[in-house]
Amino acid sequence: MNRCETEIATERREEKSATESRSAFRLPELLAPAGDWECAKAAVENGADAIYFGLEKFNARMRARNFTEADLPKLTEFLHRRGVKGYVTFNTLVFANEMPEAEQYLRTIISAGVDAAIVQDVGICRLIRRLSPDFPIHASTQMTITSAAGVDFARELGCNLVVLARENSLKEIGRIQSAMANGQSAIPLEVFVHGALCVAYSGQCLTSEALGGRSANRGECAQACRMPYELICDDKLMPLGDRRYLLSPQDLAGLEVLPELVRLGVASLKIEGRLKSPEYVANITRAYRQALDQLRLTIEDLRAPGESPVRLERASTRQSSTANRKSFSPPVVRYELEMAFSRGLSTGWLHGINNQELVHARFGKKRGVYLGDVMRVQGDKVFMRLEGPLKPGDGIVFDAGHPDQKEEGGRVYEIRNSSLPGPNPREAMLSFGRGDINFSRVQSGDKVWKTDDPNLNRRWRATFESEHPQFQRPLDFEAHGGVGRPLTLVVRDKIGHVVQVESLMPLEEAQKQPLTVERLRAQMGRLGGTAFHLGELKNFVDANAMLPVSELNRLRREAVRLLDAARAQPKRWTLNSGLGIDDLRVKEAGEIKPIRQSPNLIVLVRSLTQLEAALGCGVPTIYCEFEDPKKY
0 MNRCETEIAT
10 ERREEKSATE
20 SRSAFRLPEL
30 LAPAGDWECA
40 KAAVENGADA
50 IYFGLEKFNA
60 RMRARNFTEA
70 DLPKLTEFLH
80 RRGVKGYVTF
90 NTLVFANEMP
100 EAEQYLRTII
110 SAGVDAAIVQ
120 DVGICRLIRR
130 LSPDFPIHAS
140 TQMTITSAAG
150 VDFARELGCN
160 LVVLARENSL
170 KEIGRIQSAM
180 ANGQSAIPLE
190 VFVHGALCVA
200 YSGQCLTSEA
210 LGGRSANRGE
220 CAQACRMPYE
230 LICDDKLMPL
240 GDRRYLLSPQ
250 DLAGLEVLPE
260 LVRLGVASLK
270 IEGRLKSPEY
280 VANITRAYRQ
290 ALDQLRLTIE
300 DLRAPGESPV
310 RLERASTRQS
320 STANRKSFSP
330 PVVRYELEMA
340 FSRGLSTGWL
350 HGINNQELVH
360 ARFGKKRGVY
370 LGDVMRVQGD
380 KVFMRLEGPL
390 KPGDGIVFDA
400 GHPDQKEEGG
410 RVYEIRNSSL
420 PGPNPREAML
430 SFGRGDINFS
440 RVQSGDKVWK
450 TDDPNLNRRW
460 RATFESEHPQ
470 FQRPLDFEAH
480 GGVGRPLTLV
490 VRDKIGHVVQ
500 VESLMPLEEA
510 QKQPLTVERL
520 RAQMGRLGGT
530 AFHLGELKNF
540 VDANAMLPVS
550 ELNRLRREAV
560 RLLDAARAQP
570 KRWTLNSGLG
580 IDDLRVKEAG
590 EIKPIRQSPN
600 LIVLVRSLTQ
610 LEAALGCGVP
620 TIYCEFEDPK
630 KY
């Protein structure tokens, strides 16, 4: 067996191990960002299973509006009533003198009953475990965990979930899952699927601090990667043309690889964007919610009677991945993703390293949908080769290849179309409002981008501006009873809450309309205006029994009221009042072992003359860092 065959066989064994370790199919959690209350509502009303948000301090997005400590009880109750989890981002590095304040913040967070904290600083992990043995900790992507060994380290810190570094490919995620399946470090994994990518490894950028005194690891990133740069090679300035944004990655869009992520057993899919608008949150959350639901239905349709969940998972992945991968990213969905916010979309590192795809270098800010290029300008009219959807009222920008300078753009007032040679393009004459465009700055060959679609924005705002719930989650009903006995309803949601209610009158013998499944479904399904819709319905009522419609409606309303109240209760985590940072410092100091040997001297050299001098001094260990190793 040659080397290539050996690698293929190893990958197949790893894939088989990772797949067979999961006993049942389960969709991953969809985790959406929330920089403020509107974004939180947008996420909930468009199908997020959980949101993550920051407070005024100790979070990596200090420029977001964020929430206050006083908001936590109300926010947590709102989320839990809607069946959504809430994770607090506590994901900056913390200085020693800030630890007492950090402890107080953590006590407030734990007491509020939020579902977890996302943490970067390993010292904060130790502190949380000192404060509470059961409060969930999620290891932030900024812990730079890229291997099963890193996952094991996070588990030893007390973490309950690991957010993998964005640089991991699908193949590497599979290897981590396989290694965990064969060892003792099994822990749920979370993966970023959409949003901005940082050019620094796992977001640990030092450039912002070095250039502007704003540390990205303290929540104050100045986005140095989105700036234009010069390239100097051998003391010569290299011509870059319009490719000056050398460090600005395109945005991540992992919609097309969702089947593979599900197959790999990823527990949570994370959308980036706590600095983005509520329309962005609504748009992206709904796109991934619909894709996941489509995947679930595909798998359910494929399932044969008696087929095991493991075989189902493998079969569904095979069909959905190979038959039509793009079915999870149709043109309409891609259009909406690009309009939400886009510097260009790619799968990031999920398919491996492809630097040319990752960084196109033409711009570092939001563009939107590419429409075509300018053919000519005549007076106050622009003629362009139109390749995308455009209508009056849409906003566009003319891209001359210098996004660092002022760019011309505005809202389109009128469009007149005519056909051009070729299968799709057409010539369009664009008119604008008086004084909106300086036409002398628009040239033939300029690229045209659609930056705003008011109709789309209104549609997305409508999903979260209503006073009534827009996204409903299923409730399962069971009905029990017989003639002469009360009707008992048992109602369950999908996250473990159960309530039971009984009729105030006994069931009677039916003369015309017994309580059939259809009749029960008609009455129990009347859940409009609530956060629920009817899921499964099981009827164990005697075939000849009946109950007045008014009593059925009362039972349904009472069950929903009780279930809503049960869901609103905050989580009750253990919180140790007598233990904290001072106690932890004493404990840690007692565990420090004295050094039993003198430190070693290691010398770093960068030239042969330095190496000779170090050798002459009898230094036992030397590191050589030559500029060009080939010369030595």
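Here the sequence shown is numbered in numbering that gives the first Met the number 0, starting from 0 and rising by one per residue.
Don't be surprised by glycine CBs; every beta carbon is placed ideally from N, CA and C.
In this text the structure is predicted, and so the values were computed from the model without any measurement.
{"query": "Any 3 or more C-beta pairs closer than 8 Å across the region 97-116 and the region 562-580", "result": "yes"}
{"query": "Collapsed DSSP secondary structure at Cys124 in the structure displayed", "result": "helix"}
{"query": "Selection from Glu229, Ala195 and Val256 that minimises the alpha carbon distance to Glu337", "result": "Ala195"}
{"query": "For Met428: DSSP bridge partner residues", "result": "Phe382 and Arg415"}
{"query": "Rounded straight-line distance, which links the Cα of Leu29 to that of Pro569", "result": "21 Å"}
{"query": "Residues near Gln469 by beta carbon distance below 6 Å, same chain, minus five either side", "result": "Glu44 and Thr462"}
{"query": "Cβ-based burial, Lys390 [other Cβ within 10 Å; buried from 16]", "result": "exposed"}
{"query": "Whole-Å CB distance - Val373 paired with Val331, under 8 Å assumed", "result": "That pair is no contact at about 26 Å."}
{"query": "Beta-bridge pairing of Glu28 - partner residues as DSSP gives them", "result": "Ser267"}
{"query": "Top-ranked residue by Cα proximity to Asn353, from Glu508, Ile123 and Glu166", "result": "Glu166"}
{"query": "Terminal residues of the alpha helix (DSSP H) in which Leu561 lies", "result": "Val548 to Ala567"}
{"query": "Beta-carbon contacts of Arg310 that lie in its chain and below 8 Å, excluding the five residues immediately before and after", "result": "Here the model assigns Arg310 a pLDDT of 31, short of 50, so the residue's position is not dependable, and the following value carries that caveat. Within the same chain, Arg310 has no close Cβ partners at all."}
{"query": "Rounded C-alpha distance that separates Pro547 from Gly534", "result": "23 Å"}
{"query": "Test item: CB-CB of Asp137 and Ala115 under 8 Å", "result": "In the sequence on display, residue 137 carries His and not Asp. Contact: yes."}
{"query": "Neighbour-count burial assignment, Glu278, 16 or more Cβ in a 10 Å radius", "result": "buried"}
{"query": "Option in Phe89, Gly367, Leu603 and Met98 with minimal Cα separation from Met142", "result": "Phe89"}
{"query": "Reference Tyr334, options Asp452, Cys224, Gly394 and Gln377, closest by Cα", "result": "Asp452"}
{"query": "For Lys73, the three-state DSSP class (helix, strand or coil)", "result": "helix"}
{"query": "Cα-Cα separation between Gly149 and Ile175, rounded to whole angstroms", "result": "10 Å"}
{"query": "Coil, strand or helix - Trp572 by DSSP", "result": "coil"}
{"query": "Span of the alpha helix (DSSP H), counted from its first residue to its last, around Asn354", "result": "Asn354 to Leu357"}
{"query": "Close Cβ partners of Val376 (< 6 Å) along its chain, the five nearest in sequence each way excluded", "result": "Phe438 and Val441"}
{"query": "Beta-carbon proximity of Leu274 to Ala63, cut-off 8 Å", "result": "yes"}
{"query": "Best match in Thr620, Ile580 and Leu600 for proximity to Ala95 [C-alpha to C-alpha]", "result": "Ile580"}
{"query": "DSSP-derived helix/strand/coil call for Trp459", "result": "helix"}
{"query": "His467 versus Asp35, Ala33 and Lys40, residue with shortest Cα-Cα distance", "result": "Lys40"}
{"query": "Segment limits, alpha helix (DSSP H) that includes Leu610", "result": "Leu607 to Gly615"}
{"query": "Residue ranges of each beta strand (DSSP E) within the region 177-208, 3 or longer", "result": "188-194"}
{"query": "Stretch pair the region 152-161 + the region 215-230: three plus CB contacts closer than 8 Å", "result": "no"}
{"query": "Ile109 - DSSP class collapsed to helix/strand/coil", "result": "helix"}
{"query": "Leu519 vs Asn538 beta-carbon contact at 8 Å", "result": "yes"}
{"query": "Outcome for His193 when other beta-carbon atoms lying within 10 angstroms are tallied against a minimum of 16", "result": "buried"}
{"query": "Beta-carbon proximity check, Gly634 vs Arg342, cutoff 8 Å", "result": "With the chain running from 0 to 631 in the structure shown, residue 634 is simply not present."}
{"query": "Residue span of the alpha helix (DSSP H) that contains Pro330, given as start and end", "result": "Pro330 to Ala339"}
{"query": "Contact set for Met98: own chain, Cβ-Cβ below 6 Å, skip 5 residues either direction", "result": "Ile580"}
{"query": "Backbone secondary structure at Phe438 - three-state DSSP", "result": "helix"}
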